[in-house]
Amino acid sequence: MASTTATQPRKHGRAGQGSWWAGLPGILFLIALVLGPLIIIVIYSFLSRAKLGVGVKWIFTTQPYVELFYSESLSGERTFDPTYLQILFNSALYSLVTAVVCLVLSIPIAIWIATRPPQWRTALVFLVTIPFWTSLLIRTYAWIIILNDNGPINAALEWTRLISEPIAMLYTPFATSVGLVYAFLPFMILPIYASAERFDFRLAEAAYDLGATRLTVLRRIVLPAVRPGVIAGMILVFIPALGSYLAPELLGGGKTSMIANVIAAQFGASRNWPFGAALSVMVLVITMLALVVFAVVNRRATKGGTRQELESFL
Amino acid sequence: MSRARGTGESLKNFPFFGVISIIVFAFLYVPLVFVVGYSFNANRVVTVWKGFTFDWYAEVLTNNDIQRALMNSLRVAVVATMMSVLLATGLAVGLIRMVRAGRTFAWSLIMAPLIIPEIVFAIGTLALFVQIRVPLGVEAITLAHVAFCIPFALLPIRARLRSIDLSIYEAAADLGANEWPIFRRITLPLLMPGIVAGALLAFIISLDDFLVSYFLAGPGGTTLPVYIFSMIRNAITPGVNAVSTLLLLISLLIVTGSYLITRRRRY
């Protein structure tokens, strides 16, 4: 145990601190139920479609990946078909827009909360956290009520006589985007706040005293200080948003399908599990790429890690 | 005092931030207010107000399907919470004593469900269970929930474990206590607030989950969110708002409880 003591800043190896064996049941469980599903998806994506559609036939094939790019006519002719690539691209675009809008809204509020008196901050952070702890389904449903043709927004606009016909907002890409931003906003505010909270705002004041303008202070002093939070927020918003199911399903009205809806359909009505698995593998590939990009940016942009920020929502 | 005044000065430097913050808070809460408000609407059409009524609550609370779905949800959440807290406590203790590579591996496994899109886990778990013939239903949902409840249970426990003064162990050991008695009599009681907070968070995460439950429900495993989803799909009445309000209320009570327990922690 002497070696662990040497490599770590905290004292270890004392009686009563337990041993790594305590973590073994948890690790075995997670291997089975986190790693297991990921591995089986990769395996399924190389198998054949089952006759009745539920499950797979254990015959190796690359057909699911061919279906990603080509459509096959009845005579077996393959033509390039960008439908699914388009949906993947759209999903990534939706996620990116969501992350950027969340970022723009989060920086002011995170910095604002961080500059409140300490006794206020905990309560304000709690207020940001509450929506995160309420059902995503209900939060998405709320926008059906708000955006529909006789919902409060249209009612208010008609009452002020700004419009005579209701504006169709529900079942549009706009509705999907609003739902996504609403779902993920706390995931951006909290990590940025975690960075801002550790920043000594007297430094900003020092910059003012030295003659910097408001914009310069924000751009050169405050924003670099919250960069780890921004990177953590981008990870926590962009990647999970990529697999969003509820917002496009309930608010997009089928017109704005994202990749999760297509995957769900393959495991439901379309009954093509291998193809659904292949689409999921594509989602995993984009996830990996995004993580690599963020890791590179993180290494360049921040001295420390982003772990503290990543955990900030708890 | 001077520090508080100092931070007060700097806020004046970004005055537009305050206005944006208030708008963002409104954005976060107004939709929930509408869900709750319209649950008292006497009209069948949710967004056309006719008058105040509690009828939807009476209707929802006496609905057999909703009662069954709620029972399923509670069974899943209670068992998933107990399992995830047990495993997470072990992980929290074990993580500290792992070699670096092991810790990184364990940590990736723990955090993966928070980052990887949920749809991938949902269909992956479905495929896994169908492959190894785990029947779909309440038990299947419970097992899957434990996987993503663990990180939520773990973090408060770990934060608590880290705050324990190490000299306490030394004192106990010097006085002749062994490994297990020290854990049971000293570590565990000190961890309790973290364990309770972690359990509450795991409970809400399980109770509110839709996507994983939706794929693993099978014929008899409909949970409350899965049932609400089918209500939204069929016909939107204030009844949907009434069930939703009840679910919101449960979440709110539990998260407030967790907040009060961990309040001393600095954010």
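In order, the protein sequences belong to chains L and P. So for the first sequence, this note's numbering puts the first residue at 114; every next one is plus one. So for the second sequence, this note's numbering puts the first residue at 1287; every next one is plus one. Note that CB positions come from ideal geometry on N, CA and C, so glycine has one too. Values in this document were obtained by computation on a predicted structure and should not be read as measured data.
Which residue marks the beginning of the alpha helix (DSSP H) containing residue i, and which one marks its end?
i	result
L:Ile348	340 to 355
P:Val1310	1301 to 1324
L:Trp233	231 to 245
L:Tyr207	196 to 227
L:Tyr157	149 to 157
L:Gly139	137 to 143
P:Thr1542	1524 to 1547
P:Ser1449	1424 to 1449
P:Thr1473	Counting along the chain, P:Thr1473 falls outside any alpha helix (DSSP H), and DSSP gives it neither H nor E.
L:Thr253	249 to 260
P:Asp1495	Per DSSP, P:Asp1495 belongs to no alpha helix (DSSP H) and is neither H nor E.
L:Asn374	372 to 380
L:Ser435	The displayed coordinates of chain L run from 114 to 427. Any statement about residue 435 of chain L would go beyond what the structure contains.
P:Ile1514	1510 to 1520
P:Ala1328	Segment: none, P:Ala1328 is in no alpha helix (DSSP H) and carries neither H nor E.
P:Ile1454	1453 to 1460
P:Tyr1418	In the sequence under discussion, the amino acid at residue 1418 of chain P is Ile, which differs from the Tyr named in the question. Segment: none, P:Ile1418 is in no alpha helix (DSSP H) and carries neither H nor E.
P:Glu1465	1465 to 1468
Just to confirm the assignment, what range does the beta strand (DSSP E) spanning residue i have?
i	result
L:Ser184	183 to 185
L:Ser161	160 to 162
L:Thr192	191 to 193
L:Ile172	169 to 173
Tell whether a beta-carbon distance below 8 Å holds between residue i and residue j.
i	j	result
L:Thr74	L:Phe297	Here chain L comprises residues numbered 114 to 427, so residue 74 of chain L is not present and cannot be evaluated.
P:Ala1363	P:Phe1489	yes
L:Ala390	L:Tyr157	yes
L:Gly139	P:Leu1314	no
P:Ala1463	L:Ile154	no
L:Trp246	P:Ser1537	yes
L:Pro279	L:Leu349	no
L:Phe312	L:Val330	no
P:Phe1311	L:Leu240	yes
P:Leu1502	P:Ala1426	yes
P:Asn1358	P:Val1424	yes
P:Ala1378	P:Leu1474	no
L:Met229	L:Leu218	Before going further, note that residue 229 of chain L is Arg rather than Met in the sequence given. No; because the gap between Cβ atoms is not below 8 Å, this pair is not in contact.
L:Ala377	L:Gly342	no
P:Asp1494	P:Pro1511	yes
L:Gly346	L:Phe300	yes
P:Glu1404	P:Leu1497	yes
L:Ile372	L:Ile200	yes
P:Ile1472	P:Ile1443	no
P:Asn1520	P:Val1332	no
L:Leu355	L:Ser204	yes
So, for residue i: in the same chain, excluding its five sequence neighbours on each side, which residues have a beta-carbon less than 8 Å away from its beta-carbon?
i	result
P:Ile1547	Pro1479, Val1482, Ala1483, Leu1486
L:Leu151	Leu397
L:Leu249	Ala296, Leu359
L:Glu186	Reading off the sequence shown, one finds Ser at residue 186 of chain L, where the question assumed Glu. Same-chain partners within the cutoff: Thr192.
L:Ala281	Asp262
P:Arg1289	Only weak support exists for where P:Arg1289 lies, its pLDDT of 40 falling under 50; the coordinates are left without a value.
P:Thr1339	Phe1326, Asn1327, Ala1328
L:Ala135	none
Residues in the same chain with beta-carbon distance under 7 Å from residue i, minus the five sequence neighbours each way, listed in chain order, please.
i	result
P:Ile1540	Leu1486, Phe1489, Ile1490
L:Phe380	Trp386, Gly389
L:Phe193	Phe182, Tyr183
L:Ile259	Pro265, Ile266
P:Trp1335	Asn1327, Asn1329
P:Ser1544	Ala1483, Leu1486, Leu1487
P:Pro1399	Phe1407, Ala1433, Phe1434, Pro1437
P:Met1397	Pro1437
P:Ala1430	Thr1411, Val1498, Leu1502
Is there at least one non-hydrogen atom of the ligand COA closer than 7 Å to the beta-carbon of residue i?
i	result
P:Pro1317	Ligands in the displayed structure: none, and consequently the ligand COA is not present.
Apart from the five residues just before and just after residue i, which ones in its own chain have a Cβ nearer than 6 Å to its Cβ?
i	result
L:Thr253	Gly292, Leu359, Ala360, Leu363
Scan the segment 1374 to 1387 of chain P for residues whose Cβ lies nearer than 9 Å to a Cβ of chain L and list them as they occur along the chain.
Ala1374, Thr1375, Gly1376, Leu1377, Ala1378, Val1379, Gly1380, Leu1381, Ile1382, Arg1383, Met1384, Val1385, Arg1386
Identify every run of the alpha helix (DSSP H) within the segment 271 to 331 of chain L, keeping only runs that are complete inside it and at least 4 residues long; order them along the chain.
286 to 311, 315 to 322
I'd like the ranges of any alpha helix (DSSP H) spanning at least 4 consecutive residues and lying wholly in the segment 1343 to 1416 of chain P.
1350 to 1382, 1386 to 1401
Closer than 8 Å between beta carbons: that is the criterion. Which residues of the segment 1506 to 1522 of chain P meet it against chain L?
Pro1511, Ile1514, Phe1515, Ile1518, Ile1522
Quick one: which residues of the segment 134 to 165 of chain L get their C-beta closer than 8 Å to a C-beta of chain P? List them in chain order.
Trp134, Ala135, Gly136, Leu137, Pro138, Gly139, Ile140, Phe142, Leu143, Ile144, Leu146, Val147, Leu148, Gly149, Pro150, Leu151, Ile153, Ile154, Tyr157
At a CB distance below 7 Å, what residues from the segment 1390 to 1406 of chain P approach chain L? Give them in sequence order.
Ala1392, Leu1395, Ile1396, Ala1398, Pro1399, Ile1401, Ile1402, Pro1403, Glu1404, Ile1405, Val1406
Listed in chain order, which residues of the segment 194 to 218 of chain L have Cβ atoms closer than 7 Å to some Cβ of chain P?
Leu218
Compile a chain-ordered list of the residues in the segment 260 to 274 of chain L whose CB is closer than 8 Å to at least one CB of chain P.
Asn261, Asn263, Gly264, Pro265, Ala268
If contact means a Cβ-Cβ distance below 7 Å, which residues of the segment 1304 to 1322 of chain P contact chain L?
Gly1304, Ile1306, Ser1307, Val1310, Phe1311, Leu1314, Pro1317, Leu1318, Phe1320, Val1321
Under 7 Å (Cβ pairs) to chain P, residues found in the segment 398 to 410 of chain L
Thr400
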